[in-house]
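When the sequence shown is numbered by the working numbering, its final residue is 185 and no position is left out of the sequence of numbers. All C-beta atoms in this analysis are idealised placements derived from N, C-alpha and C, irrespective of residue type, glycine included.
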Amino acid sequence: MPDSAVHIDLPDWVAAMAPEGACFPDAEARMRLAIALADANVAHGGGPFGAAVFERTSGRLVASGVNRVLADGLSIAHAEVVALSVAQQRLGSFDLSWEADRDYELVTSAEPCVQCFGALFWAGLRGLVCGAHSADAQSAGFDEGPKPADWAELLQARGIAVTTDVLREEATAVLRAYVALGGIIYNPGQHHP
Ligand SMILES: [Zn+2]
């Protein structure tokens, strides 16, 4: 890889598990995929987070993401940012709101951290669907950063519908399993590769 390029690799098993164009009819089906991606990412040595971008109305899967912080050595490579980046490059627009007749939503196995919360404002999303709470991720040891308490309202004020608590228990179980396995908590200052 040239040293002027930045690279986030999506492993082959992601495409096999989440085929682009497959349809997921409702929030629970979409969340089940995000949780399955998180679970499989742990099995492959990654962090316990998964996310995917869907066309809101049809449920067509546009792009998936898993946490790639450890594998790619990038602190920004959270599942949400990976899924949004793949979706934007695949659709050929940094603004997912550019098509008047098509809305996109991000479904994520855990509520966004402060970085991903910030990224959501510029992605052109119309919806965000979350599984585990930030408190669940914090309990597992992950630093979620100084996110405002009214983060959901702030997103909604920008036209992004926010839905929380979708399959929260199942999503949190992946976080707990990661801790039980002794998974690396990659907050700054705690992990030295
Ligand atoms: Zn994040």
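Residue j beta carbon less than 9 Å from that of residue i
i, j, result
"V6", "L29", "yes"
"S77", "I0", "yes"
"V158", "A19", "yes"
"L167", "L147", "no"
"R160", "A124", "yes"
"W114", "F134", "no"
"S126", "E103", "yes"
"I152", "L112", "yes"
"A63", "G37", "yes"
"I177", "A141", "no"
Neighbourhood of residue i by C-beta distance below 7 Å, restricted to the same chain and skipping five residues each side
i, result
"A75", "A43, A44, V45, A55, S56, G57, L98"
"M9", "A28, L29, A32"
"R94", "E47"
"P3", "H36"
"F16", "R22, L25, F46, G51, L53"
Same chain only: Cβ atoms within 8 Å of residue i, ignoring 5 sequence neighbours per side
i, result
"S(-4)", "none"
"L173", "V34"
"P11", "L53"
"V73", "G57, Q107, C108, A111"
"V(-2)", "L66"
"G175", "V34, G39, P40"
Close-in-space but distant-in-sequence residues of the same chain around residue i (CB under 6 Å, 5 per side omitted)
i, result
"A79", "V45, V54, A55"
"Y170", "V34, P40"
"A144", "V154"
"P185", "With a pLDDT of 49 at P185, under the threshold of 50, the modelled position of this residue cannot be trusted, and the question is left open."
"K139", "V106, F109"
"G137", "C105, V106"
Integer Cβ distance of residue i from residue j, believed to fall under 8 Å
i, j, result
"A26", "S101", "4 Å"
"T164", "C122", "Contact flag wrong, Cβ pair sits at about 11 Å."
"R82", "Y96", "Not confirmed; about 11 Å, so no contact."
Heavy atoms of ligand 1 versus C-beta positions, residues under 7 Å: Listed by position along the chain, the residues with Cβ atoms less than 7 Å from a non-hydrogen atom of ligand 1 are H70, E72, V73, P104, C105, Q107, C108.
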